[in-house]
Amino acid sequence: MRKVYLDHAATTPLLPEVREAMLPYLDELFGNPSCLHDWGDSAREAMEAAREQVAQLIGASTDEIIFTGSGTESNNFAVKGLALAQQNKGKHIIVSAIEHFSVLHSAKTLEKWGFELTEIPVDQYGTVDPDEVRKRIRKDTVLVSIMHANGEVGTIEPIAEIARITREHNIHFHTDAIASVGTISVDVKELGIDALSLAGNQFYGPKGVGALYIRKGVRIMPLLDGGVQEGGRRAGTENIPAIVGLGKAADLAKKDVASRVKHLGHLRDRLLTELPAQIDHIVVTGHPKNRLPGNASFCVEFIEGEAMLMLLNSQGVAVTSGSACTSRALKASHVLIAMGLSHELAQGSVLFTFGIDNAEGDIDYVLEVMPPIVERLRQMSPLYAKFTKTGKGGR
Amino acid sequence: MPIYSEKVMEHFMNPRNVGEIENPDGTGEVGNPVCGDMMTFYIKVKDNRLEDVKFKTFGCGAAIAVSSMVSEMAKGKTLDEARKITPKLVADELEGLPKNKFHCSNLGAQALNKAIDNYLKKQAKRGKK
Chain A
1 MRKVYLDHAA TTPLLPEVRE AMLPYLDELF GNPSCLHDWG DSAREAMEAA REQVAQLIGA
61 STDEIIFTGS GTESNNFAVK GLALAQQNKG KHIIVSAIEH FSVLHSAKTL EKWGFELTEI
121 PVDQYGTVDP DEVRKRIRKD TVLVSIMHAN GEVGTIEPIA EIARITREHN IHFHTDAIAS
181 VGTISVDVKE LGIDALSLAG NQFYGPKGVG ALYIRKGVRI MPLLDGGVQE GGRRAGTENI
241 PAIVGLGKAA DLAKKDVASR VKHLGHLRDR LLTELPAQID HIVVTGHPKN RLPGNASFCV
301 EFIEGEAMLM LLNSQGVAVT SGSACTSRAL KASHVLIAMG LSHELAQGSV LFTFGIDNAE
361 GDIDYVLEVM PPIVERLRQM SPLYAKFTKT GKGGR
Chain B
396 MPIYSEKVME HFMNPRNVGE IENPDGTGEV GNPVCGDMMT FYIKVKDNRL EDVKFKTFGC
456 GAAIAVSSMV SEMAKGKTLD EARKITPKLV ADELEGLPKN KFHCSNLGAQ ALNKAIDNYL
516 KKQAKRGKK
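Chains A and B, in that order, are what the protein sequence lines are. Residue numbers for the first sequence follow the working numbering, so the first one is 1 and each next one is one higher. Residue numbers for the second sequence follow the working numbering, so the first one is 396 and each next one is one higher.
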């Protein structure tokens, strides 16, 4: 059976070049970069070379990059660390309603610690209106955190515009760019932000490594206390093999970003136009134009996402869904609900995310196997029966 | 490790008794789209026995497997016997359900009971006439 992996938003495969670059550091080059002997030197050199590669990818300088253990850690670090470092100045923070849980839940934790939290709504496409941010800024606002792109619906946010507003008010601005770095061109200076999160496993690097960009001069409170690794801002012996892998992945992304955008954009556009041409009562979610090149997200009416996912998996196709049934907590995707979708429609969520390993044939295959799956589930669905009999219950 | 047992997968992939019964003797509907799962059961009763059971389900893999299993367990049983089908029994027959799904997806027995209630109510009305 054909195997088609279309869940790159969850994680990407490791590129062979990345794996090769990592191997010596899992083997003879096992040193701790804090040590002063040859073993330490080689590890430190490799780590600093990786820092340069990551800095290059996003237009930062090396002393602005802190390595972390994941994208989630980067987001926790940015939101909590930037807020805590400024709590004498004020205790109000702003995030969007569609942030990843690593930002949203960090913000909620700050709320428990005495901060006030404002959530910015989004429009039907999942876009944050910069004016809505401006309206909610207060005298005691110390941090705004809004994602660069949403991994679930692909929408790219107007970060540069929002950054102009936060700069006017002298407020720190963090952006979670985990879904975008390595896939589209991201430059911290062009965006004008103060902090940015990225993660290796989103662009063909290893899992268990991320980075946080912190603009020179911006203070952050460490979350992990211990040694003086990462300039005293993130203690703990560095994960050198993963950091080397992240560096290599960054280097490759820098070289290939234009061709990635073109390739992924083409696959996305094919599915976004050809799937609705074959299936009635299907809605594209996310922004029609300002969206990640590898993201094709839909809601299929009258059926549920997990069942769709399982039947696609039985045909060798890996996807994900924002339906309540698919989540461990059994809650519909907060992103889809924030965009104003009904719970019923959100239940039909299905998300295809492409990678550089996908080809035209993969789209052809999805177009072949998906319509019968939808039909099969609709034949089972009491909602579809109601709709076909009465014309009621459709969108 | 897959989250579902082989039995759940087998029923999900090959659900029994999917569909509607024309002029059913009883119907039972449970659930709503907010919680995720909706099931409608249709029954045909003859001599106090479930001669036919069919269902339609909107929901996850577990919800579909549960519906299929309940329909299979109920078919041919007397109404009293069918009443004894509990969510726990259904889950056991399916070789277990994921913990977090036990309540939301395991609505089949409830839907079947509602269909039987509906049948008895209709019978009572008919009796009065």
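We treat Cβ as the ideally placed atom computed from N, Cα and C, and that holds for glycine. Just so we're clear, the structure is a prediction, and the values are computed from it rather than from any experiment.
CB contact below 8 Å: C299/A versus chain B: Using beta-carbon distances, C299/A does not count as an interface residue toward chain B, since no partner is under 8 Å.
Inter-stretch contact (C-beta, 8 Å, three-pair minimum) for the region 148-159 of chain A and the region 204-224 of chain A: Verdict: no, contact absent.
Amino acids of chain B, ordered along the chain, whose beta-carbon sits closer than 9 Å to that of A385/A: Result: E415, T435 and K451.
G355/A beta carbon near the ligand MN (any heavy atom closer than 7 Å): Annotation note on the ligand MN: not contained in the displayed structure, which lists no ligands.
Residue interval of the alpha helix (DSSP H) (run including R502/B): The question names Arg, but residue 502/B is Leu in the sequence shown. It is not in any alpha helix (DSSP H) - L502/B carries neither H nor E in the DSSP assignment.
Own chain residues within Cβ distance below 7 Å of C499/B, not counting five before or after: Hits under 7 Å: C430, G431 and D432.
The alpha helix (DSSP H) enclosing S349/A, as first and last residue numbers: Per DSSP, S349/A belongs to no alpha helix (DSSP H); it is in the beta strand (DSSP E), S349 to T353.
Whole-angstrom distance between E488/B and K439/B, CA atom to CA atom: Each residue's alpha carbon lies about 23 Å from the other.
Counterpart residues of T435/B in DSSP-defined beta bridges: Per DSSP, E424/B and K451/B.
Pairwise C-alpha distance: N412/B and E467/B: C-alpha separation (whole angstroms): 8 Å.
Expected contact under 8 Å - CB spacing of F436/B and F453/B to nearest Å: Taking 8 Å as the upper bound for CB-CB distance, F436/B and F453/B are not in contact here, some 13 Å apart.
Minimum Cβ-Cβ distance from P410/B to chain A less than 8 Å: In terms of beta-carbon proximity, P410/B lines the interface with chain A, with at least one pair separated by less than 8 Å.
Partner residues on chain B for R328/A, Cβ-Cβ distance less than 7 Å: Contact note: R328/A reaches chain B through N495, using a C-beta cutoff of 7 Å and chain order.
P428/B: contacting residues in chain A (beta-carbon distance under 8 Å): Residues of chain A passing the Cβ test: S342, H343, E344, Q347 and L383.
Where N313/A falls, given that 16 or more other Cβ within 10 Å makes a residue buried: Label assigned to N313/A: exposed.
Pairwise C-alpha distance: A359/A and D475/B: Going from the Cα of D475/B to the Cα of A359/A covers about 57 Å.
Contact set for L492/B: own chain, Cβ-Cβ below 6 Å, skip 5 residues either direction: Same-chain partners within the cutoff: A457 and A486.
Pairwise C-alpha distance: T320/A and V181/A: Going by the C-alpha atoms only, they are around 21 Å apart.
Coil, strand or helix - S197/A by DSSP: Strand, per DSSP.
Closer than 7 Å at the beta carbon, the chain B residues around S34/A: The contacting residues do not exist; S34/A stays about 39 Å from chain B at best.
Runs of alpha helix (DSSP H) wholly within the region 154-201 of chain A (minimum 4 residues, chain order): Listed in chain order, the complete alpha helix (DSSP H) runs (minimum 4 residues) inside the region 154-201 of chain A are 159-168 and 188-191.
Where G391/A falls, given that 16 or more other Cβ within 10 Å makes a residue buried: Label assigned to G391/A: exposed.
Beta-carbon gap between G69/A and G200/A smaller than 8 Å: No.
Under 8 Å between C-beta atoms of L264/A and Y204/A: It is not a contact, given that the beta carbons lie outside the stated cut-off.
Nearest residue (CA-CA) to N427/B, options L351/A, K108/A and E304/A: Nearest option by C-alpha distance: E304/A.
Closest residue to Q56/A among M370/A, L330/A and G247/A (Cα-Cα distance): That would be G247/A, whose Cα lies nearest to the Cα of Q56/A.
Touching by the beta-carbon criterion (3+ pairs, under 8 Å), the region 291-310 of chain A and the region 344-351 of chain A: In the pairwise beta carbon analysis, the region 291-310 of chain A is classified as touching the region 344-351 of chain A: at least three pairs are separated by under 8 Å.
Where A477/B falls: helix, strand or coil (DSSP): A477/B: helix per DSSP, three-state reduction.
Beta carbon of D129/A nearer than 8 Å to that of D123/A: Yes; because the gap between Cβ atoms is below 8 Å, this pair is in contact.
Where the beta strand (DSSP E) through S145/A begins and ends: It spans T141 to S145 - the beta strand (DSSP E) in which S145/A sits, taken as one unbroken run.
Near-chain A residues of the region 474-493 of chain B (beta-carbon distance less than 7 Å), N- to C-terminal order: Along the region 474-493 of chain B, none of the residues has a CB nearer than 7 Å to a CB of chain A.
Beta carbon of V95/A nearer than 8 Å to that of L104/A: For V95/A and L104/A, yes; Cβs fall inside 8 Å.
M308/A classed as buried or exposed, judged by whether at least 16 other C-beta atoms fall within 10 angstroms: Under this definition M308/A is a buried residue.
Nearest candidate by alpha-carbon position, reference S462/B, set Y514/B, M408/B and K517/B: Of the candidates Y514/B, M408/B and K517/B, M408/B places its Cα closest to the Cα of S462/B.
Contacting residues, own chain, Cβ-Cβ under 7 Å from V465/B (five flanking each side not counted): The residues are I480, V485, G503, A504 and L507.
Residue nearest to M380/A in terms of C-alpha spacing, selected from K494/B, F497/B, G414/B and I398/B: Of K494/B, F497/B, G414/B and I398/B, the residue nearest in Cα terms is G414/B.
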